[in-house]
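*Asks:* Questions regarding the structure given below will be posed in turn.
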Amino acid sequence: MYRPSPLIRAYSLERALGTPAKIYYKFEGNNTSGSHKLNSAVAQAYYAKRQGLRGLTTETGAGQWGTALAEACSYFGLPLTVYMVKVSYNQTFGADVVASPSDTTEAGRRILAADPETGGSLGCAISEAVEKAVSTEGYRYVLGSVLNQVLLHQSVIGLASKT
Numbered sequence: 755m756y757r758p759s760p761l762i763r764a765y766s767l768e769r770a771l772g773t774p775a776k777i778y779y780k781f782e783g784n785n786t787s788g789s790h791k792l793n794s795a796v797a798q799a800y801y802a803k804r805q806g807l808r809g810l811t812t813e814t815g816a817g818q819w820g821t822a823l824a825e826a827c828s829y830f831g832l833p834l835t836v837y838m839v840k841v842s843y844n845q846t847f848g849a850d851v852v853a854s855p856s857d858t859t860e861a862g863r864r865i866l867a868a869d870p871e872t873g874g875s876l877g878c879a880i881s882e883a884v885e886k887a888v889s890t891e892g893y894r895y896v897l898g899s900v901l902n903q904v905l906l907h908q909s910v911i912g913l914a915s916k917t
């Protein structure tokens, strides 16, 4: 489930507070990646498709951003390569998931040469995703939920709440 997510009345909370107010919350539990990441992922995949890009790369730590972007790219028919921290790379929606560090990039090979047993890090995954994007024609690196543009994408939550 993506949008719109349902409004749920919090009857038990109302009783516990002893309030005559009606309290509602947006239920986002059906979104495997969390709705705020999917809001940004859908917008970025849409614009990438409109730009004519052939695919995207990204990184993910625990998997939520990679999962969100994989779902969005799947919807728009865009290939996606996700560089995920090695210890948590088993969940995506058909994306090409690469345990990071990997032997598919120069950055990954250098890290593995220095420490073949490394569990990886988000920094390593970012390095590999950026390298793949800049070395593959028609690809672009897409960053997750830590940049300013995602604030614009989050407005969909407020707009949905108003309806």
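Residues in the sequence shown are numbered from 755 upward in steps of one, following the working numbering. Here a beta-carbon is modelled for each residue, glycine too, at the ideal position from N, C-alpha and C.
Along the chain, where does the alpha helix (DSSP H) that runs through G862 open and close?
*Replies:* Looking at the DSSP string, the run of the alpha helix (DSSP H) that includes G862 is E860 to A868.
*Asks:* Threshold first: 3 residues or longer. Then list the beta strand (DSSP E) segments lying entirely within the stretch 764 to 838, N to C.
*Replies:* For the stretch 764 to 838, whole beta strand (DSSP E) runs of length 3 or above, ordered along the chain, are 778 to 780 and 809 to 814.
*Asks:* How big is the Cα-Cα spacing for S766 and Q908?
*Replies:* S766 and Q908: Cα-Cα distance of roughly 28 Å.
*Asks:* Given K803, which residues of its chain have a CB within under 7 Å of its CB, disregarding the five upstream and five downstream residues?
*Replies:* Correct list, in chain order: F830 and L832.
*Asks:* Counting Cβ pairs closer than 8 Å, one from the stretch 851 to 862 and one from the stretch 767 to 782, do we hit at least three?
*Replies:* In short, these stretches do not touch, since the Cβ pair count stays below three.
*Asks:* Compute the distance between the beta-carbons of Y837 and A799, then report whether it is under 8 Å.
*Replies:* Contact flag unset, no.
*Asks:* How is V841 classed by DSSP in three states: helix, strand or coil?
*Replies:* Of the three classes helix, strand and coil, the one that applies to V841 here is helix, per DSSP.
*Asks:* Would you mind reading off the limits of the alpha helix (DSSP H) that contains V904?
*Replies:* Unbroken alpha helix (DSSP H) run through V904: Q903 to K916.
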